[in-house]
Amino acid sequence: MSLLTTSSQTVGPYVKIGFEPFTVVELAPAGVAGERITLSGRVVDGDGKPVNDAVVEIWQANAQGKYAHPEDAQDKPIEAGFRGFGRCLTDAKGSYRFTTVKPGRVPGPGGALQAPHIVVTVFMRGLLKHLITRLYFPDEASNAEDPVLTLVPADRRATLIARRSPNDKVALEWNVILQGQEETVFFDY
Amino acid sequence: MNKPTEERITTSVTGYRRPYFATQPAYLYPGYRSTVKRAPTRPLVFLPHTLSEVTGPVFGYDDVKTTDSDLTRQHDGEPLGERIVVSGRILDENARPVAHALVEMWQANAAGRYRHAVDDHDAPLDPNFTGVGRILTDGEGRYRFVTIKPGAYPWRNHYNAWRPAHVHFSLFGIGLVQRLVTQMYFPGDPLLEYDPMYNSVTDEKARQRMISSFDWESTIPDIALAYRYDIVLRGRDATPMETSRS
Numbered sequence: 040m041s042l043l044t045t046s047s048q049t050v051g052p053y054v055k056i057g058f059e060p061f062t063v064v065e066l067a068p069a070g071v072a073g074e075r076i077t078l079s080g081r082v083v084d085g086d087g088k089p090v091n092d093a094v095v096e097i098w099q100a101n102a103q104g105k106y107a108h109p110e111d112a113q114d115k116p117i118e119a120g121f122r123g124f125g126r127c128l129t130d131a132k133g134s135y136r137f138t139t140v141k142p143g144r145v146p147g148p149g150g151a152l153q154a155p156h157i158v159v160t161v162f163m164r165g166l167l168k169h170l171i172t173r174l175y176f177p178d179e180a181s182n183a184e185d186p187v188l189t190l191v192p193a194d195r196r197a198t199l200i201a202r203r204s205p206n207d208k209v210a211l212e213w214n215v216i217l218q219g220q221e222e223t224v225f226f227d228y
Numbered sequence: 468m469n470k471p472t473e474e475r476i477t478t479s480v481t482g483y484r485r486p487y488f489a490t491q492p493a494y495l496y497p498g499y500r501s502t503v504k505r506a507p508t509r510p511l512v513f514l515p516h517t518l519s520e521v522t523g524p525v526f527g528y529d530d531v532k533t534t535d536s537d538l539t540r541q542h543d544g545e546p547l548g549e550r551i552v553v554s555g556r557i558l559d560e561n562a563r564p565v566a567h568a569l570v571e572m573w574q575a576n577a578a579g580r581y582r583h584a585v586d587d588h589d590a591p592l593d594p595n596f597t598g599v600g601r602i603l604t605d606g607e608g609r610y611r612f613v614t615i616k617p618g619a620y621p622w623r624n625h626y627n628a629w630r631p632a633h634v635h636f637s638l639f640g641i642g643l644v645q646r647l648v649t650q651m652y653f654p655g656d657p658l659l660e661y662d663p664m665y666n667s668v669t670d671e672k673a674r675q676r677m678i679s680s681f682d683w684e685s686t687i688p689d690i691a692l693a694y695r696y697d698i699v700l701r702g703r704d705a706t707p708m709e710t711s712r713s
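Chains as they are written, first to last, in our numbering: chain Z, 40 to 228; chain B, 468 to 713.
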């Protein structure tokens, strides 16, 4: 080792001008295979107030469980037009929304498969470094054996599992709660 | 009989080294007031680096235009202020270039005003300056922006608070856990010692690495002065997290 990682600094209050030009809220154009889902929710601060200046980025595998990245050496197809990256700026109500496909299972430590999940990165004024968390899917038996989810204290796991919307079968809801009793689990990455 | 080689390859992942002590700010830093209601309060959970964390979005030359990296050429007229070149390399901790990675930047104009609805600082907007750029690093990890030197501006963190002049940088790297957002500062800025964001990094040398250096060799005679800013992203651990030696 010869160098040390540059220090993180907050995106600040004007992140919108920097990040908005590269907004991606529809990840899967027509023709991309897989179960269509919408994913939406709110970002909420320690006073329960919506965070209207946050950026939510997501990273996911395709429906086959393959990342569009050269280090994913699995013998599975990548899909034209599906990068697996999304970025949404929260609105005045602290809300974000993506449409995508449900990711397949990807390998984890020791070759066991991970449960379907999306890696979520959150930036905002007041965060000197970004947060990383994961979103898992409801009604997934594999959640019980996921190598990362099982590292989370059992009483906090529910904060990482999206809820199915009562009105819409393909809609999933998941909030990012920054502080408090229902605080979302964030990872030391 | 062993499992097929292919499967062993796909499950062997080399993670990234965790940041060196004191080089990264804590989430809670009350001197920067906005951290108080936004920093996590419950313990973070240690995240092993799996395939999901060592991969990350891949960008290409289709994602950037040449005018994206020259902020003085994005409008019909010329922006006001001191033209500067900001360039450098994106390297990892092992001193390897981070090639073909997306670099985004944004900044205030010469008067210290952002083109953003919530910036109500009483300073003029410049119709010829948006203050946003992006570029893909080349094969050696190099990037280069032409821009205007940003102004300092007041903020409401505490009485008579001023941010030192800075440029925001967003880096993707190759793997998700290399992702970094930082700010580049300018040498000799007297506001740095009063700035909570800069001082949220407790290691003095780490703080100083966020300050660009005057770069005579990159100046453009009669046109622009230049600053150099190299950015270091996390490097790989020496050994894979798990090895298959069956």
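Cβ atoms here follow ideal geometry from the backbone N, Cα and C, with glycine treated the same way. Note that the structure is a prediction, hence the values are computed from the model and not measured.
Residue 595 of chain B is a Cβ neighbour of residue 544 of chain B, given a cutoff of 8 Å.
For residue 520 of chain B, the nearest beta carbon of chain Z is closer than 8 Å to its own beta carbon. Relative to residue 154 of chain Z, the option among Z:220, Z:174 and Z:133 whose CA is nearest is Z:174. Between residue 621 of chain B and residue 629 of chain B, the C-beta gap is smaller than 8 Å, which places the two residues in contact. Within 8 Å of the CB of residue 217 of chain Z, the CB atoms of chain B belong to 504, 505, 506 and 507, in sequence order along the chain. When DSSP reads this structure, residue 572 of chain B sits in a beta bridge with B:600 and B:636. According to the DSSP assignment, residue 651 of chain B belongs to the beta strand (DSSP E) that extends over 647 to 652.
Interface annotation, residue 514 of chain B: in contact with chain Z, CB-CB separation under 8 Å. Positions of the alpha helix (DSSP H) runs, each at least 4 residues long and wholly inside the segment 82 to 160 of chain Z, cannot be given because no such run exists. A direct Cα-to-Cα measurement between residue 77 of chain Z and residue 599 of chain B gives close to 30 Å. Listed in chain order, the non-local C-beta contacts of residue 159 of chain Z below 6 Å within the same chain comprise 97, 172 and 174, local neighbours out to five positions each way being set aside. Comparing alpha carbon positions, the residue from Z:165, Z:84 and Z:112 closest to residue 500 of chain B is Z:165. The DSSP-derived three-state label of residue 164 of chain Z is coil. Within the segment 516 to 599 of chain B, the runs of alpha helix (DSSP H) at least 4 residues long that lie entirely inside it are, in chain order, 518 to 521.
With a contact defined as Cβ atoms closer than 8 Å, residue 701 of chain B and residue 560 of chain B qualify at about 6 Å. Boundaries of the beta strand (DSSP E) around residue 210 of chain Z: 210 to 212. In the DSSP annotation of this structure, the continuous segment of the beta strand (DSSP E) that includes residue 695 of chain B starts and ends at 692 to 695. Residues of the segment 564 to 587 of chain B with a C-beta atom less than 9 Å from some C-beta of chain Z are 569, 571, 572, 573, 574, 575, 581, 582, 583, 584, 585 and 586, listed in chain order. The beta-bridge partner set that DSSP reports for residue 620 of chain B consists of B:630. Interface with chain B (8 Å Cβ-Cβ cutoff): residue 227 of chain Z is included. Taking the beta carbon of residue 124 of chain Z as reference, the chain B residues within 7 Å of it are 524, listed in sequence order. Between residue 512 of chain B and the set Z:113, Z:208 and Z:190, the nearest pair of CA atoms involves Z:190. Nearest CB-CB separation between residue 55 of chain Z and chain B: below the 8 Å threshold.
Fewer than three Cβ pairs drawn from the segment 58 to 66 of chain Z and the segment 104 to 119 of chain Z lie within less than 8 Å of each other, which leaves the two stretches out of contact.
Residues of the segment 659 to 685 of chain B with a C-beta atom less than 9 Å from some C-beta of chain Z are 664, 665, 667, 668, 670, 672, 673, 674, 676 and 677, listed in chain order. Under the criterion of beta carbons closer than 8 Å, residue 570 of chain B and residue 602 of chain B qualify as touching, at roughly 5 Å. In terms of Cα proximity to residue 572 of chain B, the closest of B:672, B:653, B:661 and B:535 is B:535. Taking 8 Å as the cut-off, the beta carbon of residue 167 of chain Z is found closer than this to the beta carbon of residue 494 of chain B. Between the segment 649 to 663 of chain B and the segment 577 to 593 of chain B, the count of C-beta pairs closer than 8 Å stays below three; the two stretches do not touch.
Residue 558 of chain B and residue 697 of chain B have their C-alpha atoms spaced approximately 8 Å apart. Closer than 8 Å to the CB of residue 144 of chain Z there is not a single CB belonging to chain B.
By the criterion of at least three beta-carbon pairs nearer than 8 Å, the segment 517 to 524 of chain B is in contact with the segment 641 to 648 of chain B. Annotated three-state conformation of residue 665 of chain B is helix, per DSSP.
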